[in-house]
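Shown next, in structure tokens, is the structure this report addresses.
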Amino acid sequence: MHDLAKGVARFQQDVFPARKELFAHLATHHTPHTLFIGCSDARVVPELITGCEPGELFVIRTAGNLVPAHTPGADGVAASVEYAVTALGVRDIVVCGHSACGAMTALAHGHDLSDAPAVADWLRLAEASVARTTTTADVPALVRQNVLDQLANLATHPAVARALAERQVTLRGWVFDIATGRVEELRTVDSTAPVAA
Ligand SMILES: [Zn+2]
């Protein structure tokens, strides 16, 4: 097993002392400017690819960077979206897809997920994106379509809809390419004009 304890010790000895003032400020302030919704994939590190410091990004990571459309009832993603927009007042919401996404690959190639029923159920939320991707087994196309569809799903959340109507927030759809480090912005949405996918 990777020695996480050594990493923690290194953080306390080297990293934390150099950022002591920042963490002293953060101890009593939580004012992120951006809600970053990315994939759980270990290769997509929000702070690293955006050059952000601790305290700047409020982060939600899900398999396939999916944001279910708003429905009544308990929903961890919805609660975090609402908190970021309503309580923290983030001004930007990024949905970031990425190259070689395992979730999108499974969908694009129709992998058998019978041994992973929770994954299968979750990825069913992206079936409309699969249906809208005209070329079958085209993972990059599905990654892009999925990001656009998640922007539309985001706009169904009442807190986001309200913030868009008041022009308090901008939604951004990104794709991160792991091999080159490039981030492509696919779309920005800054009002309640229809979010066409
Ligand atoms: Zn992924």
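The sequence shown: position 51 = 97 (this note's numbering), numbered continuously. The C-beta atom is built at its ideal place from N, Cα and C for all residues, glycine as well.
- Item | Pair within 8 angstroms by beta-carbon distance, Val-221 and Val-193 | yes
- With 16 as the cutoff for other CB atoms within 10 Å, does Ala-74 come out buried or exposed? Position check: residue 74 holds Thr in this sequence, whereas Ala was assumed. When all chains shown are included, Thr-74 counts as exposed.
- Since Asp-87 sits in a beta bridge, which residues does DSSP pair it with? Beta-bridge pairing links Asp-87 to no other residue.
- Message: On the criterion of 16 or more Cβ atoms from any shown chain inside 10 Å, does Gln-58 qualify as buried, or is it exposed?
- Response: Classification for Gln-58: exposed.
- Message: Could you tell me the alpha carbon to alpha carbon distance between Phe-69 and Asp-87, rounded to whole angstroms?
- Response: Approximately 27 angstroms between the Cα atoms of the pair.
- Item | Val-185 in three-state terms, based on DSSP | helix
- Message: Let's test the definition: count the other Cβ atoms within 10 Å of the Cβ of Phe-62 and tell me whether it reaches 16, buried, or not, exposed.
- Response: exposed
- Query: Mind checking whether Asn-199 and Val-131 have CB atoms under 8 angstroms apart?
  - Reply: no
- Message: Nearest by alpha-carbon distance to Ala-207: which of Ser-160, His-116, Thr-108, Val-189 is it?
- Response: Of Ser-160, His-116, Thr-108, Val-189, the smallest CA-CA separation from Ala-207 is found for His-116.
- Is any heavy atom in ligand 1 found nearer than 7 angstroms to the beta carbon of Asp-195? no
- Query: So, is Asp-195 buried or exposed, given that buried needs 16 or more other C-beta atoms within 10 angstroms?
  - Reply: In the assembly as shown, Asp-195 is a buried residue. Its beta-carbon has 16 or more other beta-carbons within 10 Å.
- Query: Is the beta carbon of Pro-100 less than 8 angstroms from the beta carbon of Val-136?
  - Reply: no
- Query: Going straight from the alpha carbon of Cys-98 to that of Pro-92, what length do you get?
  - Reply: 8 angstroms
- Task: Return yes when at least one heavy atom of ligand 1 lies under 7 angstroms from the C-beta of Gly-156, else no.
- Result: no
- Using three-state DSSP, classify Thr-179 as helix, strand or coil. coil
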